[in-house]
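Residues in the sequence shown are numbered from 2 upward in steps of one, following the working numbering.
Written below as structure tokens is the structure these notes are about.
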Amino acid sequence: MLNILILNGPNLNLLGTRQPEVYGTTTLDDIEVMCTKKAAGLGVTVTCRQSNHEGELIDWIHAARGVFDGIIINAGAYTHTSIAIMDAISSVEIPTLELHLSDIHAREEFRHVSYIGKVAFDAIMGHGAAGYPMAIERMVQRLAS
Ligand code: DQA
């Protein structure tokens with residue numbers, strides 16, 4: 002059975018109350034339930050983790066080797082700054098999909114740069130919480146091909 006790791010970076014633990022006009026009102030717990038249901042429907046398993054710490058995200062990416070078949074990552078603001086997360090993804094050679102609730106290209110210019118995008122096979126953004134199940138579907142499609 003395919004095993005997918007879903008990583009959420011800084012401030013995403015505040016979803017539901019954080020800038021709802023940008024990120025919606027769905028909480029991260031709600032999103033995890035959506036992901037688990039979607040995964041069950043597709044016959045895969047997902048593990049969801051969130052951290053506000055760059056190093057912890059990197060440790061989880063390293064530990065994913067040999068355990069997870071794919072990584073879906075919403076790296077939050079680290080998307081735009083973290084060469085270290087980009088390098089971690091390249092190092093483990095696990096197919097990785099970039100995910101965002103908002104469309105980073107339709108926002109401030111500093112969000113247009115994505116280090117994750119340089120190493121991910123695809124990106125899903127601008128669909129709010131609905132992007133998470135979409136990302137699982139896209140990952141399963143990628144891993145099956
Ligand atoms: C985000 C977009 C980032 O620019 C921002 O820093 C976030 C959330 C998104 O899901 O839309 O924290 O990754």
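C-beta: ideal position from N, C-alpha, C; glycine also.
On a predicted model such as this, the values are computed, not experimentally measured, just so you know.
Fully enclosed alpha helix (DSSP H) runs of no fewer than 4 residues occupy 21-24 of the segment 2-40, in order along the chain. A distance below 6 Å between beta-carbons, with the five flanking residues on each side excluded, links T80 to the following residues of its chain, in chain order: S115, I117. In the DSSP assignment, I59 falls within the unbroken alpha helix (DSSP H) covering 55-64. DSSP places A121 in no beta strand (DSSP E); its state is neither H nor E.
The criterion of a C-beta distance shorter than 8 Å is satisfied by I95 and G71.
Assignment of beta-bridge partners to V47 by DSSP yields I5.
Counting the other Cβ atoms within 10 Å of the Cβ of M126 gives 16 or more, which makes it buried.
Between M2 and T37, the gap from beta carbon to beta carbon reaches 8 Å or more. Here N75 is not near G17, since their CB atoms are 8 Å or more apart.
For S52, the distance from the CB to the nearest heavy atom of ligand 1 is not below 7 Å. Applying a distance threshold of 6 Å between residue Cβ atoms and the heavy atoms of ligand 1 selects N12, N75, G77, A78, T80, H101, L102, S103, I105, R112, given in chain order.
Note on I84: under 16 other CB atoms within 10 angstroms of its CB, so exposed under the neighbour-count rule. Here DSSP, grouped into helix, strand and coil, assigns G71 to strand. Non-local beta-carbon contacts of I32 in its own chain, meaning distances under 6 Å to residues more than five positions away in sequence, involve A130, Y133 in chain order.
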